[in-house]
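There are 2 protein chains.
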Amino acid sequence: MSRPAAIVLLSGGLDSATCLALALEDGFDPVALSFRYGQRHAVELDAAAAIAAAAGVEHVVVDIDLRAFGGSALTADIDVPKHDSVDAIDASTVPVTYVPARNTIFLSFALALAEVRGARDLYLGVNTLDYSGYPDCRPEFVDAFARLANLATRAGVAPADDEGPIVVHTPLIELTKGEIIRRGIELGVDHRLTTSCYDPLVVDGQPVACGRCDSCLLRRKGFAEVGRTDPIRYVDEQGVTP
Amino acid sequence: MSRPAAIVLLSGGLDSATCLALALEDGFDPVALSFRYGQRHAVELDAAAAIAAAAGVEHVVVDIDLRAFGGSALTADIDVPKHDSVDAIDASTVPVTYVPARNTIFLSFALALAEVRGARDLYLGVNTLDYSGYPDCRPEFVDAFARLANLATRAGVAPADDEGPIVVHTPLIELTKGEIIRRGIELGVDHRLTTSCYDPLVVDGQPVACGRCDSCLLRRKGFAEVGRTDPIRYVDEQGVTP
Numbered sequence: 442m443s444r445p446a447a448i449v450l451l452s453g454g455l456d457s458a459t460c461l462a463l464a465l466e467d468g469f470d471p472v473a474l475s476f477r478y479g480q481r482h483a484v485e486l487d488a489a490a491a492i493a494a495a496a497g498v499e500h501v502v503v504d505i506d507l508r509a510f511g512g513s514a515l516t517a518d519i520d521v522p523k524h525d526s527v528d529a530i531d532a533s534t535v536p537v538t539y540v541p542a543r544n545t546i547f548l549s550f551a552l553a554l555a556e557v558r559g560a561r562d563l564y565l566g567v568n569t570l571d572y573s574g575y576p577d578c579r580p581e582f583v584d585a586f587a588r589l590a591n592l593a594t595r596a597g598v599a600p601a602d603d604e605g606p607i608v609v610h611t612p613l614i615e616l617t618k619g620e621i622i623r624r625g626i627e628l629g630v631d632h633r634l635t636t637s638c639y640d641p642l643v644v645d646g647q648p649v650a651c652g653r654c655d656s657c658l659l660r661r662k663g664f665a666e667v668g669r670t671d672p673i674r675y676v677d678e679q680g681v682t683p
Numbered sequence: 442m443s444r445p446a447a448i449v450l451l452s453g454g455l456d457s458a459t460c461l462a463l464a465l466e467d468g469f470d471p472v473a474l475s476f477r478y479g480q481r482h483a484v485e486l487d488a489a490a491a492i493a494a495a496a497g498v499e500h501v502v503v504d505i506d507l508r509a510f511g512g513s514a515l516t517a518d519i520d521v522p523k524h525d526s527v528d529a530i531d532a533s534t535v536p537v538t539y540v541p542a543r544n545t546i547f548l549s550f551a552l553a554l555a556e557v558r559g560a561r562d563l564y565l566g567v568n569t570l571d572y573s574g575y576p577d578c579r580p581e582f583v584d585a586f587a588r589l590a591n592l593a594t595r596a597g598v599a600p601a602d603d604e605g606p607i608v609v610h611t612p613l614i615e616l617t618k619g620e621i622i623r624r625g626i627e628l629g630v631d632h633r634l635t636t637s638c639y640d641p642l643v644v645d646g647q648p649v650a651c652g653r654c655d656s657c658l659l660r661r662k663g664f665a666e667v668g669r670t671d672p673i674r675y676v677d678e679q680g681v682t683p
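Quick mapping for you: the protein sequence lines, in order, are chains A and B. Quick note on the working numbering: the first sequence kicks off at 442 and runs consecutively. Quick note on the working numbering: the second sequence kicks off at 442 and runs consecutively.
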């Protein structure tokens, strides 16, 4: 029997790479979906392609220009905040790296692709423990999107008899970064292929992480938590001049 | 006092042109938002630009490639169905001109733009009486999106004291096509600038409507209902060879 299709949002970071591995473990035939949205860290798309290739799954990249809107440090000329410690991250406020309505837009495209491919399952690698305080990473947001998805599409008016509802899977939502890393190692995720930094240097076509943005700090905390060495390159550790 | 911003989805058709006029009448300072999404009737973007210019409002066009997904007669090599009469339209099934998750995607971008511009009001020209049976034109879809919008954004976590909720206005939702046309005439909408056809010929850079797709048939029914002559050109009436 052929495996059912699923759409996995793949940013190229360690969360979404783990999500992809979990979708495979759940028995799906995943299509990985990434976006060239004007992000300053567009090198993550190469990471996403490498992760999809390593997993042997189809990779779809959609071009959308969020830079036309601006409003975020990731898509406009606003500095990405840097900290010396993970404790400096205040998840009770929405940081300037928040991209307005990004996950709503990404999930909308995932829904469109799911409908075209006959998939009923979407995977999104959000988590609420070690995160930056983005409104569109919270469980209530995910639930509201799932509700919308089941009204927005053909299945909402005329579901086939054998069709279940559209489900938005968020298998990492209650895991710490350390637990996500541990789960990834169990599933064979190659963390060398992942990139998390919001503001990487690109040296010889490869990203070198800044080590001090929220995303780097959370990643490093996770590797410290599990007592593993993070296999990617950081500016401060490896003598690369920022 | 300056008028508050609002985002109006503007396709270039008569519904969205009327919506824009209503947003102005409601006292907003609208930004019109259109999409170059790979639609076969891309001439509607010129219509949208002309409508926005006539109304004196800013017009933002976002490029997104829904053709990469396909799955619709509007974005793939599937014929647009033609009928001899409006009675042949069966709104109880979803037609092949439905574009998977299109309104979800469009509203997501409208939400992003609203957040960047500090707008709390979105306008969408859907209606449920004279329509083609698209799942993402129904009131329950609009309500679910409004609920999502208020969880998805900065305002969902940290609303400012003077901020109301995000509202999705659908002022046409219970109007017939004839009532929409009458309302447009009252508001000074120039129907010559609007285009409704899914499959127009383009003659000297101007669209000439097929007259027989669902959208043309509903439009013609509306003009007949109000006893007005539709000022746009149709293939069958004006001696243009299809």
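Yeah, the Cβ is synthetic: ideal placement off N, Cα and C, and Gly gets one too. Source: prediction; values computed, not measured.
Whole-angstrom distance between residue j and residue i, CA atom to CA atom
i: B:S637; j: A:A551; result: 28 Å
i: B:R595; j: A:A446; result: 33 Å
i: A:G574; j: A:V535; result: 5 Å
i: A:G663; j: B:F582; result: 39 Å
i: A:L563; j: B:R633; result: 43 Å
i: A:P683; j: B:V498; result: Only weak support is given to the placement of A:P683: the predicted model assigns it a pLDDT of 44, under 50, and the value that follows is read from those uncertain coordinates. Cα to Cα, the separation comes out at about 44 Å.
i: A:R481; j: A:P648; result: 12 Å
i: B:C651; j: A:A509; result: 34 Å
i: B:L570; j: B:K618; result: 8 Å
i: A:V557; j: A:D528; result: 44 Å
i: A:V503; j: B:R579; result: 27 Å
i: A:V521; j: B:L589; result: 27 Å
i: A:D470; j: A:L463; result: 11 Å
i: B:G454; j: B:L658; result: 13 Å
i: B:I622; j: A:E466; result: 55 Å
i: B:A483; j: B:L451; result: 13 Å
i: B:S549; j: A:Y539; result: 15 Å
i: A:G629; j: B:L554; result: 40 Å
i: B:H610; j: A:V537; result: 29 Å
i: B:F547; j: A:F547; result: 12 Å
i: B:S656; j: B:D677; result: 15 Å
Counterpart residues of residue i in DSSP-defined beta bridges
i: A:P648; result: A:V643
i: A:V472; result: A:I448, A:E499
i: A:L465; result: Its beta-bridge partners do not exist; DSSP assigns none.
i: B:L613; result: None, per the DSSP bridge assignment.
i: A:Y575; result: A:Y575 is not bridged to any residue.
i: B:D562; result: B:A447, B:V608
i: B:I505; result: A:I505
i: B:Y675; result: B:A650
i: A:R477; result: A:D504
Buried or exposed by the 16-neighbour rule on C-beta atoms within 10 Å, applied to residue i
i: B:A560; result: buried
i: B:E627; result: exposed
i: A:S475; result: buried
i: B:V608; result: exposed
i: B:R444; result: exposed
i: B:G646; result: exposed
i: A:A612; result: Note on residue identity: the sequence assigns Pro, not Ala, to residue 612 of chain A. Per the 10 Å Cβ criterion, buried.
i: B:S526; result: exposed
i: A:V472; result: buried
i: B:E485; result: buried
i: B:V644; result: exposed
i: B:G479; result: buried
i: B:A494; result: exposed
i: A:D518; result: exposed
Among the options, nearest to residue i - alpha-carbon criterion
i: A:R674; options: A:L642, A:V667, A:L659, A:G663; result: A:L642
i: B:D577; options: A:E666, A:L592, A:D577; result: A:L592
i: B:R624; options: B:L461, B:R481, B:I448; result: B:L461
i: B:I530; options: B:E666, B:A483, B:E620, B:R660; result: B:R660
i: A:T670; options: A:L554, A:A585, A:D631; result: A:D631
i: B:G511; options: B:A491, B:L465, B:P541, B:V527; result: B:P541
i: A:L616; options: A:G453, A:V449, A:T459; result: A:T459
i: A:V501; options: B:D640, B:V501, B:D506; result: B:D506
i: B:D640; options: B:P672, B:T516, B:V667, B:G629; result: B:T516
i: B:K523; options: B:V472, B:R653, B:A493, B:A665; result: B:R653
i: A:V667; options: A:C657, A:E620, A:T635, A:A488; result: A:E620
i: A:I614; options: A:G566, A:A590, A:T545; result: A:G566
i: B:F586; options: A:A483, A:D467, A:C657, A:T545; result: A:T545
i: B:G468; options: B:P606, B:D655, B:I448; result: B:I448
i: A:N568; options: A:L450, A:S452, A:D456; result: A:D456
i: B:R543; options: B:D655, B:V676, B:R477, B:A665; result: B:R477
i: A:A490; options: A:T635, A:S656, A:D677, A:P672; result: A:T635
Chain C residues whose Cβ lies nearer than 7 Å to that of residue i
i: A:T594; result: In the displayed structure, chain C is absent; the protein chains listed are A and B.
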